[in-house]
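In our numbering, the protein residues as written are 457 to 883.
Written out as structure tokens, the structure reads:
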């Protein structure tokens, strides 16, 4: 029986599917850009709105306050100002990817910070014991939350709202009404108030740039060797170059002396920045390079389909809440470092709203299944820039709330519109 399809037994002839794979593998820049534009038109916006928002806000506040907004001191202040919200939002990304919500994340950070402060001040424990205890408390809170949501089947909104109220009582019990616990441990205070040595900052920036470039090219080479569709090497090189420029430019700005007096030297990257970088790398690896991360996206996309595919949905949900609360504990530690104290209202107020807003503004979908750890960083910078810029303008507090709320509503509207377009395009 004859056939027109070549087989591997015919010498000198490649398989038809191999030819197709080679053609797809060798996409040029124009085709790759066209494919990307098609995805954007279909509603796959990714981080585009957050990046455009960042650029627009920087231009706006630079025009309104050119002498102060982009000054060396204010850039460093922006970095430290964004730290607690960014870390808290990074944890919330895991929960939002499941299509769930954790309204107690902010007060969880306050409780964990209170535990850390009490252990250091009252019990004389070293900082690492206090921090480990705070993170352990966060993990326990997340485990209970996840168990109630996934096993008892109580809606996450109701469970986390109950914890939001109850944990504030725990903080009051630990600290006392109207009380404040000072935090003077040198290591804890250094997180948000001290800077890395300049040489170490440059070394870290170079290592990160080289590491990112190496990982991207190895990924491109691996896809090419397997005959998979991938970005052209020119676009990979351009992406690596952009990241390297951002890292090195940021290091240069933060390495310049920003002390108001010539008698004092104040330069270097704040210690909290590499902490966020490490957490970002870990979370990005977990979500993008592990089966656990793929299962989170699967459960967020369709929990029933994931269950039928053999994924332990209960374990995934409990783990996601545990990760979120553990990062909330770290956020509380950084917030305590920035304020040099823990108060009864730590983690309360607008902390949670800003963190959820940061994740959504960065590009994480409220409907689940879409988002990345980097969204927390981008959204955290947007929130910090709005707060910082309006503060420099001397804007009244009510306008700060109004503008931040409008930005969050705009981000949610973009998310909902993009979701409808993806559904219409069959994505």
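Note that the Cβ used here is the ideal one computed from N, Cα and C, for glycine as well.
Bear in mind that the values here come from a model prediction, so they are computed numbers and not experimental data.
| Check | Outcome |
| --- | --- |
| DSSP three-state assignment for residue 780, whether helix, strand or coil | helix |
| Euclidean distance between Cα positions of residue 573 and residue 581 | 10 Å |
| Where residue 530 sits in the DSSP three-state scheme | helix |
| Burial state of residue 863, where buried means 16 or more other Cβ atoms lie within 10 Å | buried |
| Inter-stretch contact at 8 Å, needing at least 3 Cβ pairs: the region 654-663 / the region 719-738 | yes |
| 8 Å Cβ cutoff met for residue 514 and residue 842 | no |
| One or two residues paired with residue 726 in a DSSP bridge | 651 |
| Inter-residue spacing [alpha-carbon to alpha-carbon] between residue 602 and residue 767 | 16 Å |
| Three-state secondary structure (DSSP) of residue 565 | helix |
| Beta-carbon spacing of residue 518, residue 525 below 8 Å | yes |
| With 16 other Cβ atoms within 10 Å as the buried cut-off, status of residue 716 | exposed |
| Between the CA atoms of residue 682 and residue 735 - distance to the nearest angstrom | 31 Å |
| Residue 507 to residue 834 span [Cα, whole Å] | 7 Å |
| Limits of the alpha helix (DSSP H) - the one that residue 721 falls within | From DSSP, residue 721 is part of no alpha helix (DSSP H); its letter is neither H nor E. |
| Paired residues, beta bridge with residue 636 - DSSP | 799 |
| Whole-angstrom distance between residue 671 and residue 691, CA atom to CA atom | 14 Å |
| At least three beta-carbon pairs within less than 8 Å, the region 560-576 to the region 737-754 | no |
| Span of the alpha helix (DSSP H) around residue 691 | 689-710 |
| Local conformation of residue 523 per DSSP, three classes | coil |
| CA-to-CA distance, residue 752 to residue 770, given in whole angstroms | 11 Å |
| Length of the line joining the Cα atoms of residue 482 and residue 688 | Bear in mind that the predicted position of residue 482 carries a pLDDT of just 48, short of 50, making it too unreliable to give a figure here. |
| Cβ contact check for the region 847-854 and the region 541-555: 3 or more pairs under 8 Å | no |
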